[in-house]
Amino acid sequence: MTSQTLFQLSRIGYLALLLLLSGWFIQQGINGTYSLGFSLIWIVPLLLPLKGVLTGNPYTYAWASFVLCVYLLHGLTLAYVTTDALVFALIESVLICALLVSFPFYARKRGRELGLGLKKKSEQQ
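In terms of full-length UniProt numbering, the sequence shown has 60 at position 60, counting the first letter as 1, and numbering is strictly consecutive.
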């Protein structure tokens, strides 16, 4: 799989997740389940890697996986504790798992194309 294909899939998946979770948390804030301010705070961490994900920065793809882990915990917890939002929780969890696989692969492949990476200790001397 080429880095361009991984880039497109990762970017589309990230934007789908952003829209899905934004809609979910804003809807929860409007319904009164959460306050609207609390709901918006849930969206902020997803917005942090937005510029780097859209531009294809491999470094952003590498660290954005850590941000996604919080949302994976949310999806898995929601799937465990509720039956009302089970479909949403499963979609969220599957989408995040796909991103947790594609983000590091893209970062590695694109980083190698650009000549980025960690130098081996023997090469540094």
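No residue lacks a Cβ here, since even glycine has one placed at the ideal position from N, Cα and C.
Could you tell me the alpha carbon to alpha carbon distance between residue 129 and Glu92, rounded to whole angstroms?
Because the chain here runs from 1 to 125, residue 129 falls outside it and cannot be looked at.
Do Pro58 and Leu116 have their beta-carbon atoms positioned less than 9 angstroms apart in this structure?
yes
Where does Gly37 fall in DSSP's three states?
helix
Determine the direct distance from the alpha carbon of Leu18 to that of Ile41, and round the result to whole angstroms.
13 angstroms
Asn31 by DSSP, collapsed to three states: which one?
helix
Extent of the continuous alpha helix (DSSP H) run through Pro58
58-81
Check for me: the alpha helix (DSSP H) holding Ala89 runs from which residue to which?
86-114
Leu48 (DSSP reduced to helix, strand or coil):
coil
Can you list, in chain order, the residues of its chain whose CB lies under 7 angstroms from that of Leu68, leaving out five sequence neighbours each side?
Ile96, Leu99, Leu100
Measuring CB atoms only, is the region 24-40 touching the region 2-13, in the sense that at least three cross pairs come out at less than 8 angstroms?
no
Looking at Leu21: is its Cβ nearer than 9 angstroms to the Cβ of Leu54?
no
Residues of its chain near Tyr61, where Cβ-Cβ distance is below 6 angstroms and the 5 sequence neighbours each way are ignored:
Phe103, Tyr106, Ala107
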